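> Here the numbering used here is used: the first residue of the sequence shown is 23, the next is one more, and so on. Every residue gets a Cβ at the ideal spot worked out from N, C-alpha and C, and that includes glycine. Computed from a prediction, not measured in an experiment: that's the story for all the values here. Next up is a structure, given as structure tokens.
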Amino acid sequence: MKQSPNIQKWLIFLLIISAVIRALIAGMFELGNDEVYYWTYAVYPDLSYFDHPPMVGWLIRIFTFNLHFQQEFFLRLASVIGGTINTWLIFLSGKKLKDELTGWYAALFYTASLYGFVITGIFILPDTPQTLFWLLALLLMLDILPVENEEKLSGRKMVRIGMLMGLGMLSKYTTAFLWLGMVLFILSNNRSWLRKKSFYLANLIILGFFSIVIVWNAMNHFISFAYQGGRAGFAGSIFNYDTFLTELGGEFLYHNPVNFILLIFMLFFLFRNRSWENDPKVKILLLSSLPLIGVFLLLSLFRATLPHWSGPGYMTLIPLLALWIRKRKGNSPGLMPFSIATALSVMVLIIGASIAQISTGFIHLGSAGKESSGMKDFSLEIYGWRQLGEKFKPLALHEEEAGMIEKGAPIVTYRWFPAANLEYYAGRSAGKHVLAIGKLEDIHKYAWINRQHDDFHLNGDAWYITSSLDFADPVKNLSRYYKETCKPDTINIIRQGKTAYCFYVYRLKNLQSKPVDVLNEMLAK
23 MKQSPNIQKW LIFLLIISAV IRALIAGMFE LGNDEVYYWT YAVYPDLSYF
73 DHPPMVGWLI RIFTFNLHFQ QEFFLRLASV IGGTINTWLI FLSGKKLKDE
123 LTGWYAALFY TASLYGFVIT GIFILPDTPQ TLFWLLALLL MLDILPVENE
173 EKLSGRKMVR IGMLMGLGML SKYTTAFLWL GMVLFILSNN RSWLRKKSFY
223 LANLIILGFF SIVIVWNAMN HFISFAYQGG RAGFAGSIFN YDTFLTELGG
273 EFLYHNPVNF ILLIFMLFFL FRNRSWENDP KVKILLLSSL PLIGVFLLLS
323 LFRATLPHWS GPGYMTLIPL LALWIRKRKG NSPGLMPFSI ATALSVMVLI
373 IGASIAQIST GFIHLGSAGK ESSGMKDFSL EIYGWRQLGE KFKPLALHEE
423 EAGMIEKGAP IVTYRWFPAA NLEYYAGRSA GKHVLAIGKL EDIHKYAWIN
473 RQHDDFHLNG DAWYITSSLD FADPVKNLSR YYKETCKPDT INIIRQGKTA
523 YCFYVYRLKN LQSKPVDVLN EMLAK
């Protein structure tokens, strides 16, 4: 079929419109719990971190111009740009499978994916750099892995794959599944690569890049590997169909219900007809995606998982879905098949409803009661923090000037969220550090941040802020440390002229005993 000259123009239009919409949303809404936590990676840099490798922190540093611009838009700018590049890379992947129209379909399916458009295209998460390096490496894999003539094997491109996978491993541990996909394909389809030095050099490069993370873990009792291994392990677990259904439902939503259903049908017909056996590029995509998806679905039978963990696997299947739709349309495919139009419509509906709910709360999801107001409304996770910062600063200044609490008192909390939220929205504007008291699995990076500030001094005071969304009684959590807990001030968060929920601001007086340094506890074990 003759290629339509309009496809390139439509692709450029899609990239621009998608980028503009995502940029507007990126600047419009407040940071989520995970996003604001990764901001601490940039503020308190290290070789690696308790939860993830360091790449997301590096990106935040770069795109905020070394933290000179710390507004939400700049924190998320890497995702807006990365999401645009990813759409183009998905187009190129589809084009490699057949033609430009296949690539166009792939770009549209990717745009219709909540994972592609929002989770990695707006939110700043480790998935942002991971998906970029994943797709760049995958594109090279499709180009060179099937080549069987040893003289034509591209050693330089293999080395580039190693570099890209290494950068992916510095983004998120699950990049190892792409590495596995490459090795499985070479072992099963093209062992010529086993005779090439470049293949082994590529693997050494991956390990070389990842050695940064290994060194940090060696310095910290391999705590990150132990933590992630615990999240992904089966030991001591029993069957739990609730967690499986939650994972499956999350994947169904994250990747667009239309996309998800079409992917199921595509895989069914693909394996029924065994057509994948004769197409090495199709096999590369399957080996790079299905193990990742399968492992987390299996894991969800035993413990709670998160739907975005398997996101790169579903993303890798999108070019295959585009190829399947392209072949089914034959010689009269059209630029916008009904299935793609439906998927995009569902995406627009989800985005539109989410924006409306966050901005207005038009669907009432709140709960009655002082300490539970708004707690069932998921949209409030990214609403109200700016108001807290605006109202806490004058409150803190007034009470410090009145001698009600010592000047410069830190904010103390009990978990990594809301610790990072409080530091970004309340602490920065009021010039206060945030410290966390609790177990390592509760406070995460704040175990290291506590050491940097060393602000737990005997007889000192502190602020404690909790919300009706996630109320935690300071008397229950911290009374063993502080002599007195004063009655709280209330900060109402207003949405559409009504109180959506509240923050309670306590003054903790006279620290009697310092909290245990949980890092010392860890090293003592």
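(1) Per DSSP, what are the beta-bridge partners of R83 in this structure?
(2) Tell me the rounded alpha-carbon separation between V42 and A224.
(3) Can you list, in chain order, the residues of its chain with a C-beta nearer than 6 Å to that of E57? Leave out the 5 residues immediately preceding and following it.
(4) Could you give the DSSP three-state label for S101: helix, strand or coil?
(5) Is A390 buried or exposed, if buried means 16 or more other CB atoms sit within 10 Å of its CB?
(6) Quick one, which of L114, Y132, D73 and M163 has its alpha-carbon nearest Q30's?
(7) On the premise that V540 lies in contact with K461, defined as a C-beta separation below 8 Å, what is that separation, rounded to the nearest angstrom?
(8) Counting C-beta neighbours from all protein chains within 10 Å, is the total for I217 16 or more, i.e. buried, or is it exposed?
(9) Quick check: what's the CA-CA separation for A418 versus Y405?
(10) What is the residue span of the alpha helix (DSSP H) that A378 lies within?
(11) Taking the continuous alpha helix (DSSP H) assigned at L533, which residues delimit it?
(12) For R473, I'd like the list of residues in its chain whose CB is within less than 8 Å of its CB, leaving aside the five on either flank, ordered along the chain.
(13) Tell me the rounded alpha-carbon separation between I516 and Y523.
(14) Locate the beta strand (DSSP E) running through I260, then write down its first and last residues.
(15) What's the call for D367, buried or exposed, on a 16-neighbour Cβ count within 10 Å?
(16) Thinking C-alpha only, which one of L312, W80, L53 and S70 is nearest A64?
(17) Buried or exposed for N443, going by 16 or more other Cβ atoms inside 10 Å?
(18) Closest to L320 by C-alpha separation, out of T364, S361 and T268, would be which residue?
(19) Let me make sure I understand the geometry here. Which of N211, N242 and T106 has the alpha-carbon closest to that of K303?
(20) Please classify Q534 as buried or exposed, where buried requires at least 16 neighbouring CB atoms within 10 angstroms.
(21) Hey, could you find the ends of the alpha helix (DSSP H) I433 is sitting in?
(22) Tell me whether L357 is buried or exposed, calling it buried when 16 or more other Cβ atoms sit within 10 Å of its Cβ.
(23) If we call anything under 8 Å between Cβ atoms a contact, is F131 one with A365?
(24) For G316 and Y195, I'd like the C-alpha separation in whole angstroms.
(25) Within its chain, find whatever has a CB closer than 8 Å to the CB of A48; leave out the 5 residues flanking it on each side and keep chain order.
(26) Indicate the three-state DSSP secondary structure (helix, strand or coil) for G391 in the structure shown.
(27) Looking only at its chain, what residues have a beta carbon closer than 6 Å to the beta carbon of K536, apart from the 5 residues adjacent to it on each side?
(28) Quick check on L480: buried or exposed, where buried means 16 or more other Cβ atoms within 10 Å of its Cβ?
(29) Is V456 helix, strand or coil by DSSP?
(30) What do you reckon, are the CB atoms on M187 and I228 nearer than 8 Å?
(31) For E445, collect the residues of the same chain with a Cβ closer than 6 Å to its Cβ; drop the 5 residues on either side in sequence, then sort them by chain order.
(32) Quickly, what does DSSP pair W485 with across the bridge? List them, please.
(33) On a Cα-Cα basis, can you pick out the residue from A424, S489, E423 and E421 that is closest to A441?
(34) Residues in its own chain within less than 7 Å of G430 by CB, not counting five upstream and five downstream?
(35) Pull up the distance between the alpha-carbon of L549 and that of I183, whole angstroms please.
Reading from the atomic positions:
(1) The residue given as residue 83 occupies position 61 in the sequence shown. When beta bridges are read from the DSSP output, R83 appears opposite no residue.
(2) Residue 42 sits at position 20 when you count from the first residue of the sequence shown. Residue 224 sits at position 202 when you count from the first residue of the sequence shown. Between V42 and A224, the C-alpha separation is close to 37 Å.
(3) As a first step, residue 57 must be located in the sequence shown, where it is residue number 35. The answer, listed in chain order, is F145 and I146.
(4) The sequence position of residue 101 within the sequence shown is 79, counting from 1. Looking at S101 - three-state DSSP - the assignment turns out to be helix.
(5) Within the sequence shown, residue 390 is the residue found at index 368, counting from 1. With a pLDDT of 41 at A390, under the threshold of 50, the modelled position of this residue cannot be trusted, and the question is left open.
(6) Counting from 1 along the sequence shown, the entry for residue 30 is found at position 8. Closest in alpha carbon position to Q30, among L114, Y132, D73 and M163, is L114.
(7) Looking up residue 461 in the sequence shown gives position 439. Looking up residue 540 in the sequence shown gives position 518. Confirmed, Cβ separation roughly 6 Å.
(8) By one-based count along the sequence shown, residue 217 stands at place 195. In the sequence under discussion, the amino acid at residue 217 is Arg, which differs from the Ile named in the question. Around the beta carbon of R217, a 10 Å sphere encloses fewer than 16 other beta carbons of the protein chains shown; the residue is thus reported as exposed.
(9) Position 396 of the sequence shown, counting from 1, holds the residue named residue 418. Position 383 of the sequence shown, counting from 1, holds the residue named residue 405. Between the alpha carbons of A418 and Y405 lies a distance of about 21 Å.
(10) Taking the first residue of the sequence shown as position 1, residue 378 is located at position 356. F360 to T382 is the span of the alpha helix (DSSP H), which, as asked, contains A378.
(11) For this step, residue 533 is matched to residue 511 along the sequence shown. For L533, there is no enclosing alpha helix (DSSP H); the enclosing beta strand (DSSP E) has its first and last residue at K520 to L533.
(12) Numbered from 1 along the sequence shown, position 451 holds the residue referred to as residue 473. Cβ within range, chain order: D539 and L541.
(13) Reading the sequence shown from its first residue, position 494 is the one you call residue 516. Reading the sequence shown from its first residue, position 501 is the one you call residue 523. So the alpha carbons of these two residues sit roughly 8 Å apart.
(14) Locating residue 260 in the sequence shown gives position 238, where the first residue counts as 1. That residue, I260, is in no beta strand (DSSP E); it is neither H nor E in DSSP.
(15) Here residue 367 corresponds to residue number 345 of the sequence shown, with the count starting at 1. What sits at residue 367 in the sequence shown is Ser, not Asp. Answer is exposed; the Cβ neighbour count stays below 16.
(16) To locate residue 64, count along the sequence shown from 1; it is residue 42. In terms of Cα proximity to A64, the closest of L312, W80, L53 and S70 is W80.
(17) Here residue 443 refers to the residue found at position 421 when the sequence shown is read from its first residue. Counting of Cβ neighbours within 10 angstroms places N443 among the buried residues, the total reaching 16 or more.
(18) For this step, residue 320 is matched to residue 298 along the sequence shown. Comparing alpha-carbon positions, the option among T364, S361 and T268 lying closest to L320 turns out to be T268.
(19) Numbered from 1 along the sequence shown, position 281 holds the residue referred to as residue 303. The candidate whose alpha carbon is nearest that of K303 is N211.
(20) To locate residue 534, count along the sequence shown from 1; it is residue 512. Classification for Q534: exposed.
(21) Mapped onto the sequence shown, residue 433 falls at position 411. According to the DSSP assignment, I433 belongs to no alpha helix (DSSP H) but to the beta strand (DSSP E) extending over I433 to T435.
(22) Numbered from 1 along the sequence shown, position 335 holds the residue referred to as residue 357. So L357 ends up on the exposed side.
(23) Your numbering for residue 131 matches position 109 in the sequence shown. Your numbering for residue 365 matches position 343 in the sequence shown. Yes, the pair counts as a contact, with Cβ atoms nearer than the cut-off.
(24) Mapped onto the sequence shown, residue 316 falls at position 294. Mapped onto the sequence shown, residue 195 falls at position 173. Rounded to the nearest angstrom, the gap between the Cα atoms of G316 and Y195 is 16 Å.
(25) In the sequence shown, residue 48 corresponds to position 26, counting from 1. The answer, listed in chain order, is E94, F95, R98, L99, S101, V102 and I144.
(26) By 1-based counting over the sequence shown, the position of residue 391 is 369. In this predicted model, G391 has a pLDDT of only 46, less than 50, meaning its place in the structure is not dependable; the value taken from the coordinates is given anyway. Look at G391 here: in three-state DSSP terms it is coil, with no helix or strand label.
(27) One-based indexing of the sequence shown puts residue 536 at position 514. Take K536, set aside five residues on each side of it, and the residues of its chain with a beta-carbon closer than 6 Å to its own are F478, in chain order.
(28) Here residue 480 corresponds to residue number 458 of the sequence shown, with the count starting at 1. The residue in question, L480, is exposed, as its Cβ has fewer than 16 Cβ neighbours within 10 Å.
(29) Position 434 of the sequence shown, counted from the first residue, corresponds to residue 456. Here V456 carries a strand assignment [DSSP, helix/strand/coil].
(30) For this step, residue 187 is matched to residue 165 along the sequence shown. For this step, residue 228 is matched to residue 206 along the sequence shown. Yes. Within cutoff.
(31) Mapped onto the sequence shown, residue 445 falls at position 423. Hits under 6 Å: V456.
(32) One-based indexing of the sequence shown puts residue 485 at position 463. According to DSSP, W485 bridges with I433 and R529.
(33) As a position in the sequence shown, residue 441 is number 419, starting the count at 1. Minimum Cα distance to A441 is reached at S489.
(34) Here residue 430 corresponds to residue number 408 of the sequence shown, with the count starting at 1. Taking C-beta separations shorter than 7 Å and ignoring five residues to either side along the sequence, G430 has no partners in its chain.
(35) Nothing can be reported for residue 549: it is not among the residues displayed for the chain, which extend from 23 to 547.
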